[in-house]
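Remarks on the structure that follows.
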Amino acid sequence: MWLIVYGIISSVILALYAVGFSLTYGVSGLPNFAHGALYILGGYAIWNLMNVAGLSIIAAAPLTVITCGLLGFGLYWGLLLRVRGIPLSELVVTFAAGVAILELLTWSGFYGIRYSLPVFWEESIEIFSVVIDGQRILVLATGVALVILLHLFVRHTRTGLAFRGLAQNERTALSVGIEADWIGSLSVAMGSGLAAVAAVVVLPLGMMEATIGYEVLIYALAVAIVGGLESTTGMVLASFIIGFAQTAAARYIGPKWMIIVPLAAIVLVLVVRPSGLLGKFKELEERV
Amino acid sequence: MMLEVKNLLVFFENALALNDLSIEVKPGEIVAVLGSNSAGKTTLMNTISGLILDRKKKEDRRNGERITIMGEIRYEGMEISQMWPSKRVVQGIVLCQERHPVFRDSDVLENLKIAGYLSTRRAMRERIEQIFRIFPLLERLKRRSAGLLSGGEQQMLAIGIALMANPRLLLMDEPLLGLSPLMQADLARAIAEICRTGITILLSEQFARPIMPIVDRGYVIENGTLVFSGTRDELMDNPEVKSAYLGL
Chain Y
1 MWLIVYGIIS SVILALYAVG FSLTYGVSGL PNFAHGALYI LGGYAIWNLM NVAGLSIIAA
61 APLTVITCGL LGFGLYWGLL LRVRGIPLSE LVVTFAAGVA ILELLTWSGF YGIRYSLPVF
121 WEESIEIFSV VIDGQRILVL ATGVALVILL HLFVRHTRTG LAFRGLAQNE RTALSVGIEA
181 DWIGSLSVAM GSGLAAVAAV VVLPLGMMEA TIGYEVLIYA LAVAIVGGLE STTGMVLASF
241 IIGFAQTAAA RYIGPKWMII VPLAAIVLVL VVRPSGLLGK FKELEERV
Chain C
289 MMLEVKNLLV FFENALALND LSIEVKPGEI VAVLGSNSAG KTTLMNTISG LILDRKKKED
349 RRNGERITIM GEIRYEGMEI SQMWPSKRVV QGIVLCQERH PVFRDSDVLE NLKIAGYLST
409 RRAMRERIEQ IFRIFPLLER LKRRSAGLLS GGEQQMLAIG IALMANPRLL LMDEPLLGLS
469 PLMQADLARA IAEICRTGIT ILLSEQFARP IMPIVDRGYV IENGTLVFSG TRDELMDNPE
529 VKSAYLGL
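Line by line, the protein sequences are chains Y and C. Going by the numbering used here, the first residue of the first sequence is number 1, and it counts up by one from there. Going by the numbering used here, the first residue of the second sequence is number 289, and it counts up by one from there.
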């Protein structure tokens, strides 16, 4: 039972890491390799808003998400616009931006025990004899809420429908007035905002340091590649496969296997089924 | 005059795709551009709709194919040759591209909703009802994924997608290509009905017989050059047009 409960929690955490990356790539075809950096930047932002600016977590959390979203928006118009449609350059620019952010955070001393976030809810509950702390319940709730909200957003809002249109056929979308650069920049902004949402709910579970950004990028890539880059269902499925594999490996083999599992999954999928479990295209493998 | 194209030249690198082409479209007309494969029909449609500017931008970014566009395109008296395609859509110029390009993973209704991006919710509802009146089959198929529709059904949907953008000048690039004769006749009737709602139509075809009954005037282009123009009767009486584009 422990394996099931914590397997589900690990899976939802992976899905939270990957949802922004998948959304951006699915809509605009942009592999945002700065995703992990934006995640940890979200942690840095909320820590500063709470500990330096003195804001409550209720005020700091949405501000963090908005800040990261705006940064993603700026990333698109400031850097990505110039290399849009050149796959290798898109990858290099986002990766370089991500490394720059992470190195800047490290240089500014963003590591050590003082950088930790408080949990939202300190109580624990017991499900089937397994004790789960309140923060992990929040992670689960956030994961479920995000899936529902994103579904409603892409099916029932004008911008969400434009996301779907652009993801499927850019030329047809353009021919009915959907502006690819505008919608593309919104997708990067939203993906970056979702990285911050993940940071706000997941980072209180452990220590914060800049290098976590690299791990989160690997997790997001693993989920996206295993699930199929443009498939939301594939992303959820891959999160659960890798999440359960990670939890089992960590329990029965050793904790260091937590990072080996997603790397092995990437290699396995690229060898056996390069388009991913539910994917149709084979673009990012070629980029990677 | 609704549309005036004057002395249009388009080069892909050094290859001349459109050579000093001039055409006109008056409000309320259905005008056909006839030409064989590689005559320049799609280039003309993409140039009038502005989609060629998007391609040019992408090619320029990656130092790819050099695209040169010269000449004038006037829409209701306004020079639009450098206007971005989405702005042209706002002005009422909408292109229904060749080979029925639809949003394949979405169902029919969602396709129409996506295409109503620039509309208010109320206008979107009214336009969907109008499209279902023109193509009743689409209403019956509204929950079916567009990728599972037949070629003819996809073409109806592609026209519906274009109509959702509220065109005043509807450009249709080979709308009957690859369809059965029965479906071609149905679509030709639907195109005439769309024109009766006040939408001016400029369409291109390489096999003209199914659309000739609904066309007011036509232009014949070969290798990007205008070789003949005239009314429907003049086109139908021209022996070369008859043999090359009407199969008579």
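Ideal placement from N, C-alpha and C gives every residue a C-beta, glycine not left out.
Please list, in chain order, all residues of the same chain as M460 (chain C) whose beta carbon is under 6 Å from its beta carbon, the five residues on each side excluded.
-> Cβ neighbours of M460 (chain C) beyond the five flanking positions: C384 and L491.
From G42 (chain Y) to L161 (chain Y), what does the alpha carbon distance come to, in whole angstroms?
-> About 27 Å.
Can you tell me which of the three DSSP states E493 (chain C) falls into?
-> Of the three classes helix, strand and coil, the one that applies to E493 (chain C) here is strand, per DSSP.
Put E528 (chain C) into one of helix, strand or coil per three-state DSSP.
-> E528 (chain C) falls in the helix class under three-state DSSP.
Tell me which same chain residues have a C-beta within less than 6 Å of the C-beta of L284 (chain Y), skipping the five on either side of it?
-> Here the model assigns L284 (chain Y) a pLDDT of 47, short of 50, so the residue's position is not dependable, and the following value carries that caveat. Residues P31 and L229 of the same chain have their beta carbon placed closer than 6 Å to that of L284 (chain Y), with the five preceding and five following residues left out of the count.
Nearest to L425 (chain C) by alpha carbon, out of C:R410, C:M444 and C:E347?
-> Between L425 (chain C) and the set C:R410, C:M444 and C:E347, the nearest pair of CA atoms involves C:M444.
Of all the options Y:I8, Y:L38, Y:A222 and Y:A249, which has the alpha carbon lying nearest to the alpha carbon of L292 (chain Y)?
-> Residue 292 (chain Y) is absent from the model: chain Y starts at 1 and stops at 288.
Any residues in the stretch 156-178 of chain Y with a beta carbon nearer than 7 Å to a beta carbon of chain C? Which ones, in chain order?
-> Close to chain C, meaning a Cβ-Cβ distance shorter than 7 Å, are the following residues of the stretch 156-178 of chain Y: R158, L161, A162, R164, G165, Q168, N169, R171, T172, L174, S175, V176, G177 and I178.
Environment of G365 (chain C) [buried if 16+ CB atoms lie within 10 Å] | So G365 (chain C) counts as exposed.
Limits of the unbroken alpha helix (DSSP H) element including S187 (chain Y) | A180 to V202 is the span of the alpha helix (DSSP H), which, as asked, contains S187 (chain Y).
Could you have a look at I46 (chain Y) and say whether DSSP puts it in helix, strand or coil?
-> Look at I46 (chain Y) here: in three-state DSSP terms it is helix.
Assign A327 (chain C) to buried or exposed, taking buried as 16 or more other Cβ atoms, counted over all protein chains shown, within 10 Å of its Cβ.
-> Answer is buried; the Cβ neighbour count reaches 16.
DSSP three-state call for T519 (chain C): helix, strand or coil?
-> Residue state, collapsed to three classes: strand.
Start and end residues, alpha helix (DSSP H) containing F110 (chain Y) = Segment: none, F110 (chain Y) is in no alpha helix (DSSP H) and carries neither H nor E.
Are the C-beta atoms of S492 (chain C) and some chain Y residue less than 8 Å apart?
-> S492 (chain C) does not count as touching chain Y.
What three-state label does DSSP hand T488 (chain C) in the structure shown?
-> Of the three classes helix, strand and coil, the one that applies to T488 (chain C) here is strand, per DSSP.
May I ask you to list, following chain order, the residues of the stretch 328-361 of chain C that have a beta carbon less than 8 Å from some beta carbon of chain Y?
-> Of all residues in the stretch 328-361 of chain C, S337, L339, D342, K346, R349 and R350 have a Cβ within less than 8 Å of some Cβ in chain Y.
Measure the C-alpha to C-alpha separation of I9 (chain Y) and G143 (chain Y) and round it to an integer number of angstroms.
-> One alpha carbon belongs to I9 (chain Y), the other to G143 (chain Y), and they sit about 9 Å apart.
Mind checking whether Q302 (chain Y) and L205 (chain Y) have CB atoms under 8 Å apart?
-> A query on residue 302 (chain Y) cannot be resolved here, the shown segment of chain Y reaching from 1 to 288 and no further.
Sub-8 Å separation of V313 (chain C) and L475 (chain C) beta-carbons = No; because the gap between Cβ atoms is not below 8 Å, this pair is not in contact.
Inter-stretch contact (C-beta, 8 Å, three-pair minimum) for the stretch 387-395 of chain C and the stretch 305-322 of chain C = Under the 8 Å Cβ criterion, the stretch 387-395 of chain C does not count as touching the stretch 305-322 of chain C, having fewer than three qualifying pairs.
Coil, strand or helix - D308 (chain C) by DSSP = Secondary structure of D308 (chain C) (DSSP, three-state): strand.
Using a Cβ cut-off of 8 Å (strictly closer), state whether P315 (chain C) contacts chain Y.
-> No, because no Cβ of chain Y sits closer than 8 Å to the Cβ of P315 (chain C).
Is the Cβ-Cβ distance between G177 (chain Y) and S369 (chain C) less than 8 Å?
-> It is not a contact, given that the beta carbons lie outside the stated cut-off.
Using a Cβ-Cβ cut-off of 8 Å, state whether F495 (chain C) counts as contacting chain Y.
-> Answer no: the Cβ-Cβ gap between F495 (chain C) and chain Y never drops below 8 Å.
Residues of the stretch 378-403 of chain C with Cβ closer than 9 Å to any Cβ of chain Y, in chain order = Flagged, chain order: V378, V382, L383, C384, Q385, P389, V390, F391, R392, D393, S394, E398, N399, K401, I402 and A403.
Sort C:L451, C:S310, C:E301 and C:M452 by Cα distance to G352 (chain C) and report the nearest one.
-> Considering only alpha carbons, the answer is C:E301.
What does a CB cutoff of less than 6 Å around I101 (chain Y) pick up in its chain, not counting 5 residues either side in sequence?
-> In chain order, A37 and L41 place their CB closer than 6 Å to the CB of I101 (chain Y), counting only its own chain and leaving out the 5 sequence neighbours on each side.
Locate the beta strand (DSSP E) running through I266 (chain Y), then write down its first and last residues.
-> No beta strand (DSSP E) holds I266 (chain Y); the alpha helix (DSSP H) holding it covers W257 to V272.
Would you tell me roughly how many angstroms separate the C-alpha atoms of S11 (chain Y) and I242 (chain Y), rounded to the nearest one?
-> Their backbone Cα atoms lie some 7 Å apart in a straight line.
Using a Cβ-Cβ cut-off of 8 Å, state whether G85 (chain Y) counts as contacting chain C.
-> Chain C contact via Cβ: present.
Using 8 Å as the threshold, is the stretch 181-194 of chain Y in touch with the stretch 406-417 of chain C, meaning 3 or more CB pairs across them?
-> At 8 Å Cβ cutoff, the stretches do not touch.
Using a Cβ-Cβ distance under 8 Å, would L538 (chain C) count as near chain Y?
-> The structure shown does not extend to residue 538 (chain C), since chain C spans only 289 to 536, so no value can be given for it.
Expressed to the nearest angstrom, what Euclidean distance is found between the alpha-carbon atoms of P455 (chain C) and G404 (chain C)?
-> Going by the C-alpha atoms only, they are around 11 Å apart.
Determine the burial state of D521 (chain C): buried for a count of at least 16 other Cβ atoms within 10 Å of its Cβ, exposed for fewer.
-> Counting Cβ neighbours within 10 Å, D521 (chain C) comes out exposed, since fewer than 16 surround it.
Looking at chain Y, which residues of the stretch 470-488 of chain C have a Cβ within less than 9 Å of any of its Cβ atoms?
-> Hits within the stretch: zero.
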